[in-house]
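Numbers in the working numbering are just positions in the sequence shown, counted from 1, shifted up by 336.
All remarks here apply to the structure that follows.
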Amino acid sequence: MVDSRGALAQDGRRAERLELRVPITPMQLPAVRAMAGDLAIRMDYDLDSVEDLRLAVDEACATLASVVAGDAPLTVVFETTRSGLHIEAWVPTTEGVDVPRDGFGWAVLATLVDAVEGRPATQGQVPGGDGSTAPVAVITMDKFLPGQRPAELTGGAGQNLSVAR
Numbered sequence: 337m338v339d340s341r342g343a344l345a346q347d348g349r350r351a352e353r354l355e356l357r358v359p360i361t362p363m364q365l366p367a368v369r370a371m372a373g374d375l376a377i378r379m380d381y382d383l384d385s386v387e388d389l390r391l392a393v394d395e396a397c398a399t400l401a402s403v404v405a406g407d408a409p410l411t412v413v414f415e416t417t418r419s420g421l422h423i424e425a426w427v428p429t430t431e432g433v434d435v436p437r438d439g440f441g442w443a444v445l446a447t448l449v450d451a452v453e454g455r456p457a458t459q460g461q462v463p464g465g466d467g468s469t470a471p472v473a474v475i476t477m478d479k480f481l482p483g484q485r486p487a488e489l490t491g492g493a494g495q496n497l498s499v500a501r
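Next up, the structure:
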């Protein structure tokens, strides 16, 4: 079976997808954090992982808020599978704008999830986009359930270290 990103579903089941589109305001961004936490709890993540996902979504939203064009909304797409949670967040930008991947915020984000990527893209390349070539900045994150981390992400330089609490 094929999930919405086109990858074969190893568990024989289609990924479930939820899309949120909210204004980037202090009043609306907590809804995105709450959705991440709710999904993580329903997927049986442990409490530390639930809080990590909430913080990661906060950091991704703050990063994207720094590059959004005008008052365009933030789009966040959550995909749940048996292996974990995949999140793609994006905002419209102006041509040539990239996702800032330096500094303390990005380092924190990278420790909270199993895989993270920030990049420029177009509306046609992101889930929930309008199919055009209008530029966007996108952050993708994966948080795997215990024992579900893909082999290519285990061990070596790609492994994230936990942060002492």
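Backbone N, C-alpha and C fix where the C-beta goes; we use that ideal spot for every residue, glycine too.
| Item | Value |
| --- | --- |
| Have a look at Thr469, Ala451, Ile377, Asp466 and flag the residue whose alpha-carbon is nearest the alpha-carbon of Pro486. | Ala451 |
| Measuring straight from C-alpha to C-alpha, what distance separates Thr361 and Asp434? | 21 Å |
| Return the bridge partner residues of Ile360 from the DSSP annotation. | Bridge partners of Ile360: none, in fact. |
| By Cβ distance, which residues of its chain are closer than 7 Å to Thr382, with the 5 residues on each side in sequence left out? | Note on identity: in this sequence residue 382 is Asp, with Thr being the wrong assignment. Excluding positions up to five away in sequence, the list is empty. |
| Rank Arg418, Val403, Asp407 by C-alpha distance to the C-alpha of Arg378 and give the top, closest one. | Arg418 |
| Would you mind working out which of Val403, Val444, His422, Val412 sits nearest Gly502, comparing C-alpha positions? | Nothing in the structure corresponds to residue 502, since the chain is present only between 337 and 501. |
| So, at 6 Å on beta carbons, what are the nonlocal neighbours of Leu448 in its own chain, with the 5 sequence-adjacent residues on each side left out? | Asp388, Leu391, Ala392 |
| Given a threshold of 16 other Cβ atoms within 10 Å of its Cβ, counted over all protein chains shown, does Met337 qualify as buried or as exposed? | Unreliable positioning characterises Met337 in this predicted model, as indicated by a pLDDT of 25, which lies under 50. The coordinate reading is nonetheless provided below. Exposed. |
| So Ala446 packs on Gln459, CB below 8 Å; how close in whole Å? | Wrong, their Cβ atoms sit about 26 Å apart, outside the cutoff. |
| Identify every residue that forms a DSSP beta bridge with Phe414. | Leu354, Ile423 |
| Using the Cβ count rule (16 or more neighbours within 10 Å means buried), how would you classify Asp394? | buried |
| Near Gly465, what residues of its chain come up, given a Cβ to Cβ distance below 6 Å and the 5 sequence neighbours on each side ignored? | Gln459 |
| Put Asp438 into one of helix, strand or coil per three-state DSSP. | coil |
| Please return the same chain residues whose Cβ sits closer than 6 Å to the Cβ of Ala457, not counting the five positions on each side in sequence. | Val472, Val474 |
| Can you give me the C-alpha to C-alpha distance between His422 and Ala398, rounded to a whole angstrom? | 18 Å |
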